[in-house]
Each structure stands twice: as structure tokens, then as C-alpha cells.
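What follows is one structure encoded as C-alpha cells, with my remarks underneath.
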Amino acid sequence: MGCRHAQSLLSVKNQFSVHVVEPSLDTIKNNCERIGSNPQEITWYSDLNELNSNFDLAIIATSSAPRYFIVKALIDMGIKFFLLEKVVFQSIQQFNEIRALAMLNGVFAYCNFVNRYFEKYNDLKKELKQLQNRIRMIVYGGEFGLGCNAIHYIDIFQYITNTQKVIAKSWLVEEDSNGSRRGGEYKEFTGTISMVNEHADELFITAAKGFSGGVLVHVMLDGKTYTFSEQTQKLSVLSKNTIQCQNFEILPTSKLTSQIVADIFNENCRLTRMHETIDAHAALFEIFNTTLMGKSTETILCPIT
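Residues in the sequence shown are numbered consecutively from 7, following the numbering used here.
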């Protein structure tokens with residue numbers, strides 16, 4: 007149901023009217039209890055067919071497989087603004103079809119890559135803007151869901167380097183489907199993905215079995231190394247044998263979504279527009295589908311959520 011999105015919107019009293027489509031009554035009850043909400047604060051629907059056309063924005067917090075069909079139906083219904091979870095769609099053909107529909111209907115679709123809203127990444131982006139040297143970014147963690155979460159790190163790499171084009175390579179091992187999400191419908195990997203952009207900046211993302219230190223993001227440039235720890239929410243800056251430590255706040259969805267939605271309506275949202283992430287998704291589809299099936303085309307659905 008996207009309960010943390012709902013929690014954030016409900017926290018801003020009298021600003022948003024929240025409507026939720028969720029077929030499972032048990033899920034509705036459990037999630038209301040989880041977020042401490044009164045079910046009467048939310049209007050509930052069990053099916054998309056129950057909706058009318060009087061909505062300003064839709065947040066699609068489903069898994070990836072039904073997202074294309076849901077977005078298509080809601081565009082036909084007249085909704086103009088979307089906030090989409092990752093992975094956004096499962097093929098480039100789906101991207102292209104929704105992009106064409108969005109352009110035809112004046113739709114604005116944003117991807118919920120929330121790292122762009124974290125203050126320390128924005129500080130780093132400002133510093134990089136003053137420099138001309140290439141950077142190297144290394145993401146290292148345990149079994150954090152390389153398939154479904156790699157796009158977040160690719161996106162922040164694109165954001166801080168102000169680029170879109172990426173070329174990818176990979177050394178991946180498919181995880182046991184019994185351990186994958188949703189009973190094997192979606193696949194997962196350990197291993198390494200490497201990418202390079204048009205400025206020759208480099209990105210490496212590794213999910214290593216047995217590592218328990220959370221996810222670490224290292225950004226190296228001009229003799230400095232910035233290490234963002236998602237587990238401790240600390241940023242360490244190593245420069246000329248000195249280390250500075252700062253807080254690195256990771257804003258949760260329950261606090262952030264209301265700000266993002268307000269920014270969308272005010273036309274100053276930092277998030278990636280749907281068409282801006284197509285190149286990154288295409289690179290991931292290529293390496294994931296080739297690993298799983300030995301080939302990749304624009305029409306093959308990538309089983310990542």
C-alpha cells in the first residue's frame with residue numbers, strides 16, 4: 007500500500023487528501039496500525055476501477071511487474087503527476103510507451119531516488135561543480151539487494167557528476183531464488199557492477215556475501231575520500247592524513263514524501279524525471295538479463311523489483 011508514503015502525507019494536517027488502492031483488507035488494517043493512523047483519515051479502494059479522475063498525483067509503490075499497467079491506466083484516467091518507485095519499469099519498451107503517453111498527455115513523472123534529497127550529497131555535488139578532475143565512486147555492502155537497489159547508487163552518481171549516459175560491465179552471481187523476494191518471482195544478485203560516464207568518472211557497486219557493515223559509499227577526488235556510512239549515518243572526509251567526521255542524515259520515506267510531493271506541485275522537485283533514468287535502466291537490463299538469460303532486448307522483461 008505504500009504505508010510510509012501515506013504516513014508522510016497524513017503528517018501534514020489538512021494539506022493532502024490521501025486515497026489508497028489496496029485489495030487486501032488485512033494489509034490495510036496492519037499498515038494503519040504500523041503507522042499509527044486512523045483508517046478514517048484515508049479513503050480506501052480495493053481496485054483501480056473504483057477510482058474517478060479527480061486526483062492530482064499518484065504514488066505507485068507496487069512491485070515492478072504491475073507498474074507499467076497501473077501507470078498506463080492512470081494516465082488514461084487523466085492523472086498528470088506521478089511519483090514512481092524502483093525499478094521503474096521492467097523493459098525499455100515499457101519506458102518508451104509510457105514516455106510517449108506522458109508527452110501526449112502532459113504528464114510529469116518523477117522517480118523516488120531519494121538520495122538527491124540528502125544534504126551531504128548536495129554539499130558534495132556543489133563541491134564537484136567547482137572541480138574538473140574525474141571522480142571514482144565505490145559502493146560496498148553485504149547482500150543488500152544489488153538488483154533492486156543498484157539504481158539508487160547509479161542515480162546519485164549521475165546526480166553528483168551531472169551526467170546521464172553510462173556504460174556498464176558486471177561480474178554477477180544469481181542468488182538462490184528461494185531467498186529472493188516474493189517467492190522467486192524476482193531475482194537477486196551478489197557480485198560487482200562497474201560503470202563509466204561520458205566524463206570518464208567511474209562507479210563500482212559490490213554486494214558481497216558475509217559482509218555485515220551496512221552499505222558504504224566512497225567518493226574519491228582530488229586527494230580526498232568521502233565515506234558515507236548508511237549504517238551509522240556518518241560521513242568521514244579523509245584528506246592529507248586528517249579525518250573529519252560529520253553526521254549523514256538519511257531521511258525516511260515517512261518524513262520525506264510530503265516534502266517531495268509539495269516540491270512537485272511547486273515545480274522545484276530534485277528527483278529524477280522518468281525519461282532521465284532510461285539510460286541507467288537500459289544498462290541494468292542489459293547486464294541482468296544477459297546474466298540470467300544470455301541475452302537482452304528492448305522487449306525482454308527484467309525480473310527485478
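The C-beta atom is built at its ideal place from N, Cα and C for all residues, glycine as well.
Alpha helix (DSSP H) segments (min. 4 residues) lying fully within the stretch 92-155: 98-111 and 125-135
Should R279 be labelled buried (16 or more other beta-carbon atoms within 10 Å of its own) or exposed? Looking up residue 279 in the sequence shown gives position 273. Looking at its Cβ environment, which holds fewer than 16 other Cβ atoms inside 10 Å, R279 is exposed.
Using only CA atoms, which one of T296, Q21, T311 and K19 lies nearest to W177? For this step, residue 177 is matched to residue 171 along the sequence shown. The shortest C-alpha separation from W177 is found at T296.
What's the call for I249, buried or exposed, on a 16-neighbour Cβ count within 10 Å? Within the sequence shown, numbered from 1, the residue matching residue 249 stands at position 243. Per the 10 Å Cβ criterion, exposed.
Would you tell me roughly how many angstroms separate the C-alpha atoms of A79 and A71, rounded to the nearest one? By 1-based counting over the sequence shown, the position of residue 79 is 73. By 1-based counting over the sequence shown, the position of residue 71 is 65. Straight-line Cα distance between these residues: approximately 14 angstroms.
Inter-residue Cα distance where the pair is N168 and D269: Working through the sequence shown from its first residue, we reach residue 168 at position 162. Working through the sequence shown from its first residue, we reach residue 269 at position 263. Spanning the two alpha carbons is a distance of roughly 20 angstroms.
If you run the structure through DSSP and keep just helix, strand and coil, what is Q250? As a working note, residue 250 is residue 244 in the sequence shown. It is a strand residue.
Give the straight-line distance between the Cα atoms of G219 and G148, rounded to the nearest whole angstrom. Start at 1 with the first residue of the sequence shown, and residue 219 comes out as number 213. Start at 1 with the first residue of the sequence shown, and residue 148 comes out as number 142. Distance between the alpha carbons of G219 and G148: 7 angstroms.
Kindly indicate the opening and closing residues of the alpha helix (DSSP H) around L257. Here residue 257 corresponds to residue number 251 of the sequence shown, with the count starting at 1. Taken as a continuous stretch (DSSP letters only), L257 belongs to no alpha helix (DSSP H), as it is neither H nor E.
Integer Cβ distance of T196 from K175, believed to fall under 8 angstroms: By 1-based counting over the sequence shown, the position of residue 196 is 190. By 1-based counting over the sequence shown, the position of residue 175 is 169. Actually they do not touch by this definition, with Cβ atoms about 16 angstroms apart.
According to DSSP, is H205 part of a helix, a strand, or is it coil? Taking the first residue of the sequence shown as 1, we reach residue 205 at position 199. DSSP places H205 in coil when its eight states are reduced to three.
Contacting residues, own chain, Cβ-Cβ under 6 angstroms from M201 (five flanking each side not counted): Walking along the sequence shown from the start, residue 201 turns up at place 195. Once the five neighbours on either side are set aside, the close Cβ partners of M201 are V172, A174 and L209.
Which same chain residues, not among the five before or five after F254, have their C-beta less than 6 angstroms away from its C-beta? What you label residue 254 is simply residue 248 of the sequence shown in a count that begins at 1. Once the five neighbours on either side are set aside, the close Cβ partners of F254 are K126, F234, Q239, K240 and L241.
Is it the case that the stretch 80-89 contacts the stretch 257-275, given that we only count it when at least three CB pairs across the two stretches are under 8 angstroms? yes
By the three-class DSSP mapping on this structure, what secondary structure does S186 have? To locate residue 186, count along the sequence shown from 1; it is residue 180. The predicted model places S186 with a pLDDT of 48, which falls under 50 and marks its position as unreliable; any figure quoted below should be read in that light. Three-state DSSP puts S186 in coil, outside helix and strand.
Host alpha helix (DSSP H) of I293 (start-end): Taking the sequence shown and counting its residues from 1, one reaches residue 293 at position 287. I284 to M299 is the extent of the alpha helix (DSSP H) around I293.
What did DSSP end up calling C308 once you bin it into helix, strand or coil? Counting from one through the sequence shown, the residue named residue 308 turns up at place 302. Reduced to three states, the DSSP call for C308 is coil.
Bridge partner(s) assigned by DSSP for V179: Start at 1 with the first residue of the sequence shown, and residue 179 comes out as number 173. For V179, which the question treats as bridged, DSSP gives the partners T196.
Consult DSSP for F217 and reduce its assignment to one of helix, strand or coil. In the sequence shown, the residue the question calls residue 217 occupies position 211. Reduced to three states, the DSSP call for F217 is coil.
Give the DSSP-derived three-state secondary structure of A67 in the structure shown. The count along the sequence shown starts at 1 and reaches residue 67 at position 61. Three-state DSSP puts A67 in coil, outside helix and strand.
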